[in-house]
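K.L.:
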Amino acid sequence: MPKNTNFKQVEAKWQRRWEESGIFDAEPRGGAKKFFLTVPYPYTSGPLHIGHGRTNTVGDIIARFKRLQGYNVLFPMAFHVTGTPILAIADSISKSEGEVVKLYKEYVSIYEGGDAASAARVEETVRSFTDAARVAEFFAARISEDFKRMGYSIDWRRKFNTTEPIYNKFVEWQFKKLYDKGVIKKGKYPITFSAADNSPVGEDDIEEGDTNKVSIVEQTTVKFEVSDGSGSYLVAATLRPETIFGVTNLWVNPTAKYVKVKVRVRAGEEIWWVSKEAAEKLSYQREGVAVLEGETEEEGGFFLGKVVKVPVAGGGREVPVLPASFVDADVGTGVVYSVPAHAPYDYIALEDLKRSGVLKRSGVLKRLGVLDAEIEPIKIIEIEGYETGLPAKEICERLEIKSQADEERLEEATQTIYKDEFYRGVLNEKCGEFAGVKIAEIKDEVKEWLKRENKGDVFYETSRKAVTRGGGKVVVAVLQDQWFIDYTPSWWKERGHKLVDGMTFYPAKYKAYMHEIIDWLTLRPCARKRGLGTRFPFEQGWVIESLSDSTIYMALYTVAHLLRGLPVESLTEDFFDFVFLGIGDAEALAKAAGVETGVEASVLKRVQEEFKYWYPNDLRHTAPPHLSNHLVFFLMHHAAIFPERCWPRAITLNELMIREGRKISKSKGNVIPLAKVSELYGVDLFRLYCAINADFASVVNWREQDVDALGRRFNAVVELFEDSLTAECATVERATVERAKGLREDELTHADRWLLSRFYRTLKETVERFAAFRIRDAGINLVFNLMNDIRHYEQRASVERRKRLVRCVLEEWLVVLSPIVPHICEEFWERLRLQLQRQRSHDSFVSLQRLPEVKERFIDDRVEREEEFLAALVADIKEILRVARISPKPRKIYIYTAEQWKWEIFKAVKDLPEREKIRKAVRVRGRKGEEKSTVDFVKQLVKSKSGLEYFELVEAEVLEREKEYLKGEFGCEIGVNEEHDPLGKRRFAIPLKPAIFVEGG
RNA sequence: GCGGGGGUUACCGAGAGGCCAAAGGUGGCAGACUCAAGAUCUGCUCCCGAAGGGGUUCGCAGGUUCGAAUCCUGCCCCCCGCACCA
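If you're matching positions, the first sequence starts at 11 in our numbering and goes up one per residue.
Pasting the structure below:
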């Protein structure tokens, strides 16, 4: 910890001052360029952690930098409440579900902990969470505190949440616009559903739904007519409809229960046999499904020995129904068709049967007229790599699978064969019109054909067995009248592409990616039956879904604080049309609205003006996972609703944050709440780490070790600042910026000039990098590189001189550094101001400064080259001392600079290819008898790395000037170009690389 | 499988034809300071070297080039999306 700076106090002090002074409250300003930056609002279901901190911090850094560039910056924030998760939390807490209650007690304790009464307060708060609105309210309030504590320069006056009336009105307006464009549509849609709750379920409702996602899998059902004259069908479900041509039998589980259901199909009604479980699922997926009561429930054994018709190839082929233990009545229809040539399960089950002799004894084969023969697999897919015959057989042998009880390896075999056959397999001649086509290309066609021929249908299954947190079974239901947004119209896609073309993406690769996403977009459900949010305006009972309601809300920021003063009833479609699209006339609108609400035309104009001032959204900053959902909707909805001048200008994306090399997640137990950052690390250090540890395209790895190391660096910077403010330093020179610079230029030593040159060069680069969003490079420059230069300078000059010189550039340094570590910069800015108040008055906030002018005249190549020359020389001497083991101290060091003729040759050959150098050199020197030394020199020159780059320098002069420094550095006498040269080293000197002779002690 | 990103000297991580034995950081070693520890500073940290040099390195194997960590070809491996599955 630096001597005179308490980070926590500094943070609190400046956060208070920023808030009191309202300097980040953005108002339209005539003349000023505006910059409107947004970062997606946080979801208020719980506390944010440091991972969320990265994106928001980077957003703030950009906002602050843009202010320094002179923009009038609007950086607003709001809170996302819409959707089911918060509702699910409230439900769980209402039901006193232990885990959820415990988790939320933990969450609340982050904020409410710390004293004796806290337990009771936490208890009470969590109890209030039975009301979803309280959950959102509580966390919205805490998150905004967190953000303030992170030093974010947000205009909080414009905050809102996504369930409040102004937002509802706004979203309603958006949907009306989309509806008018004809893209809001209705259709069928499968969802995960809980029968027990008679309600759709999302990730948050499902047990372990967050860690082990449940998705919806589309299976194909195939109907096999039972050959008993009943006209009923055994209905098998499959993920591989293309294998229908290779069916040899059906499988049922002999111990499972099967029922007859009446099913309405296109042609009328049919009787299906499926497992009891499947019958229930079907009832959620189709209309007109009825289980036939009474006599129809049978165990699987009922079917054994029966024969069914395969519905392809004319429908004539008959196959037996056989028992298999691997069939799960609760997966699919509980009936599986068997393709032993290509499905490892089927192959092994058949082998099991053959081995046990059941098959022969059952007599079923006899009935089929295949006396004594066994059932033979039918191979229908040709694939390289499975040469010996049957793929299923081959892989079972390869994996040494012996029976259907070996489920683990059977799974593996199934996976492998699926992938191989899907991508490389080709249907063979047994597959009729589909023969000769790759599975990957034909699968869907077979599926469609089965449906078309009324031989097959669709059945949805969950990707794994799942239950809700309440214990209810999760099944797939098909909503018959789901509302969608249809992104397929070509006018829309074209506008979307055009919008993207006109934008900047950083990293740039995401631009092409976004074009692709737009092409892929099709239908997107946009309303749900439950959850918090805006009522769907076109049908009762639906709520607008949470990604669909947060697409163009940036527009609302521009006017949210103004809308608050208006009656909600006045926020009509006409109102928003006027404000956002400039449709209509303020007076007329005021008159129409004014009758009931009294909103004056001048107010309407003011609202419209503010929108027009701030829009478009100049930059949206977020993380890549948003690209294929939120961001594409953000862009497409702008493309649909707004005129081109209101289209977003840029998107920047930073990767996520991990901790100690691992993903940050609740289940890993490695979450650090954002609220703890100040206490554990300090906010400025956190911000610096976010800025410096990785560029946008890379993951930030939060490693304690690295954080500590950076903390030490940061402390060193702060101490450096402190040092330069000490009284001595100030009195020595009265080192005001003006006068120090005016250390009259003739007073500046070479080292002084060097440091100033380094500083201004760095400053210039830093600003360029900042402007290109290369925040990491900018930060590294400002902290690491400058500190290294200063350390070097200190050794060249002195600590005292360093303090004075740093003092000269401190002000400018603070300004450019302030976007990253604003608190400490404000603090030193103020200390400077207090120190200098008699000579100069500063503005009170570094946050409100402009980027310093780069003093080009201090950027001096010559000075830097001289210093490099010197540093290389010092390094060479050290190397010699080390290798020659001259210690402790040499008696004297002799330095010999290159003779003039060498410089002449150097200059003459510098740009020539190596082959020509020698010839040219000999010609330039032009003296007989000197050829050998000339050639030796050129050879040396070619070998020497430092000599390669030509730069004119009067070496002896520099050395004379720096003699004292060299003496100090090596603690001995230094001789420059003296006669004494016992080992004849002089002749090895080349330009910029003097020869050296060290006389040992 | 498709798309994207990678594999660099103990670790993290820059570098994208010559100025590269390769920034910076971490860790390690030695020294300075200190009663001591910590912090800080200095030096070293691929191998050899009693003179600033030489040798071998940037996933593997080839190639282009006067010259390759950097460009090309093939291969192996890892990560992330998506798809496909279960």
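C-beta atoms are modelled at their ideal positions from N, C-alpha and C, and glycine is treated no differently.
All values reported here derive from a predicted model rather than from experimental measurement.
#1: For the candidate residues Thr662, Leu637, Phe916, whose alpha-carbon lies nearest to that of Asp946?
#2: Can you tell me whether Val68 is helix, strand or coil according to DSSP?
#3: What does DSSP give as the partner residue(s) for Ala487 in the beta ladder?
#4: What number of angstroms, rounded off, separates the C-alpha of Leu695 from the C-alpha of Val831?
#5: For the putative contact between Leu684 and Ile60, defined by C-beta atoms under 8 Å, what is the C-beta separation to the nearest angstrom?
#6: List the endpoints of the continuous beta strand (DSSP E) containing Ser119.
#7: Can you give me the Cβ contacts of Glu738 inside the same chain, cut-off strictly under 7 Å, excluding the 5 residues immediately before and after it?
#8: How long is the line joining the alpha carbons of Thr6 and His648, rounded to whole angstroms?
#9: Grab me the residues of Thr561's own chain with a C-beta within less than 6 Å of its C-beta, minus the 5 sequence neighbours each way, in chain order.
#10: With Met667 as the anchor, note down where its alpha helix (DSSP H) starts and where it stops.
#11: Buried or exposed: where does Thr741 fall if 16 or more other Cβ atoms within 10 Å of its Cβ makes it buried?
#12: If distances are taken between C-alpha atoms only, which option among Glu988, Ile702, Glu840 comes closest to Phe780?
#13: Suppose you measure from the CA of Tyr177 to the CA of Glu116; what does that come to, to the nearest Å?
#14: Ile194 by DSSP, collapsed to three states: which one?
#15: State buried or exposed for Ala150, treating a residue as buried only when at least 16 other CB atoms are found within 10 Å of its CB.
#16: Rounding to the nearest angstrom, what Cα-Cα distance links Lys751 and Glu778 in this structure?
#17: Compute the Euclidean distance between the alpha carbons of Thr48 and Glu714, then round it to the nearest angstrom.
#18: Give me the DSSP bridge partner(s) of Leu47.
#19: Looking at C-beta atoms only, is the number of pairs between the segment 150 to 159 and the segment 12 to 29 that lie closer than 8 Å three or more?
#20: Would you say Thr65 and Thr632 are within 8 Å of each other, going by their C-beta atoms?
#21: Answer yes or no: do Asp559 and Val193 have a C-beta to C-beta separation smaller than 8 Å?
#22: Below 8 Å between beta carbons: does that hold for Gln414 and Phe336?
#23: Compare the C-alpha of Lys196 against each of Arg659, Gln490, Leu720, Arg895 and name the closest.
#24: Do Glu979 and Val884 come within 8 Å of each other at the CB atom, strictly closer than that value?
#25: Going by DSSP, which residues form a beta bridge with Asp467?
#26: With burial defined as no fewer than 16 other Cβ atoms inside 10 Å of the residue's Cβ, what is the status of His1034: buried or exposed?
#27: Would Tyr347 pass as a contact of Val232 if the rule is Cβ separation under 8 Å?
#28: I'd like to know whether the C-beta atoms of Val1012 and Thr343 end up nearer to each other than 8 Å.
#29: Going by beta-carbon coordinates alone, are Glu328 and Val318 separated by less than 8 Å?
#30: Check the DSSP bridge columns for Arg538 and list the partner residues they point to.
#31: How about Phe706 and Pro517: do their beta carbons lie closer than 8 Å?
#32: Three-state secondary structure (DSSP) at Val681?
#33: Since Val919 is in the alpha helix (DSSP H), which residue starts that stretch and which ends it?
#34: Which residues does DSSP pair with Pro330 in a beta bridge?
#35: Alpha carbon to alpha carbon, what distance is there between Val271 and Val301?
#36: Are the CB atoms of Phe45 and Asp628 nearer to each other than 8 Å?
P.N.:
For this structure:
#1: Of the residues Thr662, Leu637, Phe916, the one whose Cα lies closest to the Cα of Asp946 is Phe916.
#2: helix
#3: Ile201
#4: 7 Å
#5: 6 Å
#6: The continuous stretches of beta strand (DSSP E) do not include Ser119, which lies in the alpha helix (DSSP H) extending over residues 108 to 122.
#7: At Glu738, the pLDDT of 46 sits below 50, so the modelled position is not reliable; the number obtained from the coordinates is stated separately. Around Glu738: no qualifying Cβ.
#8: Since the first residue of the chain shown is 11 and the last is 1011, residue 6 is not available in this structure.
#9: Phe643, Phe644, His647
#10: First-last for Met667: 667 to 669, but that is the beta strand (DSSP E), not the alpha helix (DSSP H).
#11: Only weak support is given to the placement of Thr741: the predicted model assigns it a pLDDT of 37, under 50, and the value that follows is read from those uncertain coordinates. With fewer than 16 other Cβ atoms within 10 Å, it is exposed.
#12: Of Glu988, Ile702, Glu840, the smallest CA-CA separation from Phe780 is found for Ile702.
#13: 31 Å
#14: strand
#15: buried
#16: Low confidence applies to Lys751: its pLDDT is 45, below 50, so where it sits in the model is not reliable enough to give any reading.
#17: 30 Å
#18: Leu629
#19: Per the Cβ contact rule, the segment 150 to 159 is in contact with the segment 12 to 29 (3 or more Cβ pairs under 8 Å).
#20: yes
#21: no
#22: yes
#23: Comparing Cα positions, the closest option is Gln490.
#24: yes
#25: Thr231
#26: Within the shown structure, residues of the chain are numbered from 11 to 1011, placing residue 1034 beyond reach of any answer.
#27: Taking 8 Å as the cut-off, the Cβ atoms of Tyr347 and Val232 count as close.
#28: Residue 1012 is absent from the structure shown; the chain starts at 11 and stops at 1011.
#29: yes
#30: Answer is Val553, bridged to Arg538.
#31: With respect to Pro517, Phe706 sits close: the two C-beta atoms are nearer than 8 Å.
#32: coil
#33: 910 to 919
#34: Val317
#35: 4 Å
#36: In this structure, Asp628 lies closer than 8 Å to Phe45 by Cβ.
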